[in-house]
Amino acid sequence: MQMRSHGFPCFVVEIIMAASEALRNQVAAKWQDSFNRLNRTGVGISGLMEFSKAWAVAAEFLRPRDLGAPPKDFNTHEIRSAFDVLMQCRMLPMLLESFVACLDMSICQRICGRNQHLITDDVTRFMTEYDASGDPDVIGRLVLRLADWYFAWAPGGELGQTISSAYIVNFQTHVFSVLPAAFAAGFKRLLAATLALFTEGATPGVPASVQDSRLWPSFELLGLADRYESLIASVCYEHIETHVLETCAGKWDEPMLSRLREWMAEKVVPWMLLPYARGAKTAEEARTMLQGVGSRFDFHVCKTLCDLRTKEMFDIVIDYPDSTHALHDLKECLQRVDQRTQLVRALRKSNKKRLLHPGADTKDILTQYVSLIRCLRVIDPPGVLLFKVADPIRRYLRDRPDTIRCIVASLVVDGESGDSLVDDDEPIQPLQSAQVDDYTDPNWEPEPIDAGPDFRANKPSDVVSTLVSIYDSKDLFVKELQVLLAQRLLAVTDGNYEKERRNLEILKIRFGEAPLQVCEVMLKDMTDSKRIDQHVQSQSSSVMHPTIISRHFWPKFQSSKIQMPGQLHEIQEAYAREFMTFKPDKKLRWLSHLGSIRLEIELQDRTVGADVPPLEAAFIELFSEQDVWTLNDLIARVGTVERSAALKALLAWVDRGVLREETEDVDMQRFRLLERVPEDAGAGPVGITTAGSRTALAEEEPAVLTVQQQQAEQMKVYWKFIEGMLTNLGGLPIDRIQTMLKFAQGYDRTVDQLGAFMDAARREGLVSVKDGIWRLNR
Amino acid sequence: MKITVKRWHAIAQWQWDTGKTDDNGDAEEDVCGICRIPFEGCCPTCKVPGDDCPLIWGECSHVFHMHCLLKWIGTAASKQQCPMDRRPWGETIAHLSVHTPRNLDRISISSDRREKGRRE
Ligand SMILES: [Zn+2]
Ligand SMILES: [Zn+2]
Ligand SMILES: [Zn+2]
Numbered sequence: 001m002q003m004r005s006h007g008f009p010c011f012v013v014e015i016i017m018a019a020s021e022a023l024r025n026q027v028a029a030k031w032q033d034s035f036n037r038l039n040r041t042g043v044g045i046s047g048l049m050e051f052s053k054a055w056a057v058a059a060e061f062l063r064p065r066d067l068g069a070p071p072k073d074f075n076t077h078e079i080r081s082a083f084d085v086l087m088q089c090r091m092l093p094m095l096l097e098s099f100v101a102c103l104d105m106s107i108c109q110r111i112c113g114r115n116q117h118l119i120t121d122d123v124t125r126f127m128t129e130y131d132a133s134g135d136p137d138v139i140g141r142l143v144l145r146l147a148d149w150y151f152a153w154a155p156g157g158e159l160g161q162t163i164s165s166a167y168i169v170n171f172q173t174h175v176f177s178v179l180p181a182a183f184a185a186g187f188k189r190l191l192a193a194t195l196a197l198f199t200e201g202a203t204p205g206v207p208a209s210v211q212d213s214r215l216w217p218s219f220e221l222l223g224l225a226d227r228y229e230s231l232i233a234s235v236c237y238e239h240i241e242t243h244v245l246e247t248c249a250g251k252w253d254e255p256m257l258s259r260l261r262e263w264m265a266e267k268v269v270p271w272m273l274l275p276y277a278r279g280a281k282t283a284e285e286a287r288t289m290l291q292g293v294g295s296r297f298d299f300h301v302c303k304t305l306c307d308l309r310t311k312e313m314f315d316i317v318i319d320y321p322d323s324t325h326a327l328h329d330l331k332e333c334l335q336r337v338d339q340r341t342q343l344v345r346a347l348r349k350s351n352k353k354r355l356l357h358p359g360a361d362t363k364d365i366l367t368q369y370v371s372l373i374r375c376l377r378v379i380d381p382p383g384v385l386l387f388k389v390a391d392p393i394r395r396y397l398r399d400r401p402d403t404i405r406c407i408v409a410s411l412v413v414d415g416e417s418g419d420s421l422v423d424d425d426e427p428i429q430p431l432q433s434a435q436v437d438d439y440t441d442p443n444w445e446p447e448p449i450d451a452g453p454d455f456r457a458n459k460p461s462d463v464v465s466t467l468v469s470i471y472d473s474k475d476l477f478v479k480e481l482q483v484l485l486a487q488r489l490l491a492v493t494d495g496n497y498e499k500e501r502r503n504l505e506i507l508k509i510r511f512g513e514a515p516l517q518v519c520e521v522m523l524k525d526m527t528d529s530k531r532i533d534q535h536v537q538s539q540s541s542s543v544m545h546p547t548i549i550s551r552h553f554w555p556k557f558q559s560s561k562i563q564m565p566g567q568l569h570e571i572q573e574a575y576a577r578e579f580m581t582f583k584p585d586k587k588l589r590w591l592s593h594l595g596s597i598r599l600e601i602e603l604q605d606r607t608v609g610a611d612v613p614p615l616e617a618a619f620i621e622l623f624s625e626q627d628v629w630t631l632n633d634l635i636a637r638v639g640t641v642e643r644s645a646a647l648k649a650l651l652a653w654v655d656r657g658v659l660r661e662e663t664e665d666v667d668m669q670r671f672r673l674l675e676r677v678p679e680d681a682g683a684g685p686v687g688i689t690t691a692g693s694r695t696a697l698a699e700e701e702p703a704v705l706t707v708q709q710q711q712a713e714q715m716k717v718y719w720k721f722i723e724g725m726l727t728n729l730g731g732l733p734i735d736r737i738q739t740m741l742k743f744a745q746g747y748d749r750t751v752d753q754l755g756a757f758m759d760a761a762r763r764e765g766l767v768s769v770k771d772g773i774w775r776l777n778r
Numbered sequence: 001m002k003i004t005v006k007r008w009h010a011i012a013q014w015q016w017d018t019g020k021t022d023d024n025g026d027a028e029e030d031v032c033g034i035c036r037i038p039f040e041g042c043c044p045t046c047k048v049p050g051d052d053c054p055l056i057w058g059e060c061s062h063v064f065h066m067h068c069l070l071k072w073i074g075t076a077a078s079k080q081q082c083p084m085d086r087r088p089w090g091e092t093i094a095h096l097s098v099h100t101p102r103n104l105d106r107i108s109i110s111s112d113r114r115e116k117g118r119r120e
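Chains as they are written, first to last, in the UniProt record's numbering: chain A, 1 to 778; chain B, 1 to 120.
Listed below in structure tokens is the structure:
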């Protein structure tokens, strides 16, 4: 055996001696192998000696040292050959292990044997400073410092790939192990500062380290870019969010999405090259590397804007059409980010909270609804979103008593009020009703996938049709139109009905000729009245110019039967006589409580002129009989009139300073004519009044019963039926009541109308409702 | 005090003068015995009431929409009788005579109307 000649340490020999022969042989073989490896072909142990020297040289070369220490003077050739020897001995891995062990100690504890604080101390020092200041610059400087350490200890690249990569892995591992948890937060702020440098430019506040060109290469060296990849992404996400909120919130009148994309391309992408296109050699390569992440960030831009616009949607609708750009942006975002459900939910929620409550005017609800129709048409032309959002609004409007009146009012061109629901540029067209799919239509498209089963793609599309379709039938609209037209026609005093004629023509296009036939008759009555009046005036001139109506073609009027006294009665009689001469087969029946009368009242010291409702004229006429009247006597003279209405009429004269109230006790209200302005009269309204200074007509209740009032009247007939069935059957749901009422003769109400009636009955305390079951109150 | 009425915008309803003196317009209305529509409405074939759809007075004192009666008389089943009392139909000249000749004009054009009504 050769081994003894090589002078093995005693313990080895002992072990070998103690072992069995087989083991002995095995160990001996291994030993021989090692020896051969180290000694190579050297004579004797000369190879082994050479190896020892090479090991020492290499180890010393690799030994980590303090940054401040003077550089060691190495002979490159000597080192190269030392590494060569180690390589031949296949001992490089061993050397590396030893190096790593030493490195470990240097970083984490003290540099081998010497009492110097190295990386750990640096890290601690920088982090303490950062904790105190929160300045990301500190983190930046720490990173640069760590890079210095890295370079100081890095084995030269000429030593081969294995050593370098082993060094990198070990250096990074050990650096990470000494970095405290707080480093991640600081590093995030540092990253944010680097991004801000790109998006906002080099403002004075930008930390020096952030502008240091070595910073990103240092991240790379230290493996920070890989280790904190998700942190880098979240810095970018957060930056995008902040930027979108800062620039786009409330900015609806400009296209913001394209602007955001420009911003991304100009400001953010150059920054993205740093973390995401590391090592790219060409622009083409960089582009490829950025593709995936760029698409993720673009998605985030869309999502953030989409979230923002969804949140703002209610106000965007209010601002329409000024907010058109916001709608186009949202449309584009929704094509990228599927958040249609969220949009529907958000809109329904804000509509419920801000719109569909008792405090909102029906007019405002309608205006917002119409705006909503237009907005959602921009975002989603097939109308699925509108269908889903509008449903609660439509149901709510259906239950409001004045919805039809508001819609109808907006259909009538006023010339003055510019807040019509219907745009002037919207073509006037016949009402469209929902139809079944027309598969022969070349433009037919299948319904969108998120359309519910109730959705009909060819819902009426123009605004008026959409509004009218809130109700099952358009009859109610026609009735309401009739009421509105009646009010407007009766208010015309200058004989000019052209505006109303034009309105009617437009309405006929929408609703059809037949339903509006009664309105035709109303207009004809107006022109006939004018002609008749011209004839009557030519025969015997009169101050009276009546509108003579065909009663069955006008809405019902407030019923009131007042008798005009004195000369007023004579004027009526004279006119009626003249009319009968002209139209012998007809006679006139005066609706004395309607219309208006212009009076001039000459008193002893003044003249008062006024346009007054007939009741006021009747009362003052009575004062020409005697100076003092009690309220009761006055009422008795004119016939049936509400006490409150009578009092109101008299107080109008008191306001004009023509009458004075002389009341000793409440039951005996008396009024006295003031022939002269009393001495004690202060700066009140008594005095010379100019004609028409006060038009009481404006305050007068509308003479024409609203459709609602008319229906309530008719509905009362059915109350007996309802009372009977609720008495016999206890509580009933509205649908049952409706079904049973259909057995009653002439009952033609919709369930909505019945609901409104029942609600009115509830307010009067006749019935109560709980869980949809109506009961009589007892 | 002296009150002068300068101008009066009044509202009135017209009514056929059927000879009845009740001035209570809201009471039970007079309807045409044939179509059951009020006289002041118009017959089922007309759209405009009043002079365009006048009344006709029978010798038997029954009153109808003229168009309704002419249509009735035009059917074989009518046997030229008043549909209410089955007496031979005759138009009261007496009633017309108190009126101006214009009513006669109207009667004379009524056959044209009847033709027109049939075509429709
Ligand atoms: Zn008739
Ligand atoms: Zn007729
Ligand atoms: Zn008869």
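Backbone N, C-alpha and C fix where the C-beta goes; we use that ideal spot for every residue, glycine too.
Beta-carbon proximity of residue i to residue j, cut-off 8 angstroms
i	j	result
ALA756(A)	PHE721(A)	no
GLY90(B)	GLU59(B)	yes
ALA617(A)	LEU568(A)	yes
VAL464(A)	ARG501(A)	no
VAL301(A)	LEU245(A)	no
ALA58(A)	LEU95(A)	yes
LEU334(A)	VAL408(A)	no
residue 832(A)	LEU397(A)	An answer regarding residue 832(A) cannot be provided, because it is not within the stretch 1 to 778 covered by chain A.
LEU308(A)	LEU257(A)	no
Residue-chain proximity (residue i, chain B), Cβ-Cβ < 8 angstroms
i	result
THR527(A)	no
PHE623(A)	yes
GLU578(A)	no
THR403(A)	no
ASP438(A)	No answer about ASP438(A) holds up, because its pLDDT of 45 lies below 50 and its placement is not dependable.
ARG589(A)	yes
GLN567(A)	yes
SER516(A)	The residue asked about is misnamed: residue 516(A) is Leu in this sequence, not Ser. No, LEU516(A) lies away from the interface with chain B (no Cβ there is under 8 angstroms from its Cβ).
GLY250(A)	no
ILE601(A)	yes
MET522(A)	no
LEU490(A)	yes
PRO613(A)	no
Neighbouring residues, chain B, relative to residue i (Cβ below 7 angstroms)
i	result
GLU675(A)	MET1
LEU594(A)	ILE11
Residue i: contacting residues in chain A (beta-carbon distance under 7 angstroms)
i	result
GLY50(B)	SER550
PRO38(B)	HIS552
LYS47(B)	GLN517
Closer than 8 angstroms at the beta carbon, the chain B residues around residue i
i	result
THR493(A)	HIS9
Short CB-CB distance (under 8 angstroms) between residue i and chain A
i	result
GLY41(B)	yes
VAL31(B)	no
CYS89(B)	For the record, residue 89(B) in the displayed sequence is Trp; it is not Cys. Chain A, which has no Cβ nearer than 8 angstroms to the Cβ of TRP89(B), makes this no.
LYS6(B)	yes
ASP26(B)	With a pLDDT of only 47 at ASP26(B), under the threshold of 50, the placement of this residue in the model should not be trusted; the figure read from the coordinates follows. It does: the Cβ of ASP26(B) has a partner Cβ on chain A nearer than 8 angstroms.
Under 9 angstroms from the C-beta of residue i: neighbouring residues of chain B
i	result
ILE620(A)	MET1, ILE3
Chain-ordered chain A contacts of residue i [CB-CB under 9 angstroms]
i	result
GLN15(B)	ARG551, LYS586, LYS587, LEU588, ARG589
* Asked: In chain order, what are the residues with a CB under 7 angstroms from some non-hydrogen atom of ligand 3?
  -> GLY58(B), CYS60(B), SER61(B), HIS62(B), CYS82(B), MET84(B), ASP85(B), ARG87(B)
Open item on the list: Under 8 angstroms, with one C-beta from each stretch per pair, do the stretch 566-585 of chain A and the stretch 646-657 of chain A reach the 3-pair mark?
Closed with: no
query: Hey, is the stretch 267-279 of chain A in contact with the stretch 345-356 of chain A, meaning 3+ C-beta pairs nearer than 8 angstroms?
result: no
Ligand 2: which residues have Cβ under 6 angstroms from any of its heavy atoms, chain order? CYS42(B), CYS43(B), THR45(B), CYS46(B), CYS53(B), HIS65(B), HIS67(B)
Under 8 angstroms, with one C-beta from each stretch per pair, do the stretch 765-777 of chain A and the stretch 517-535 of chain A reach the 3-pair mark? no
State whether the stretch 64-80 of chain B contacts the stretch 543-553 of chain A, with contact taken as three or more CB pairs (one from each stretch) at a distance under 8 angstroms. no
Q. Using 8 angstroms as the threshold, is the stretch 280-297 of chain A in touch with the stretch 325-334 of chain A, meaning 3 or more CB pairs across them?
A. no
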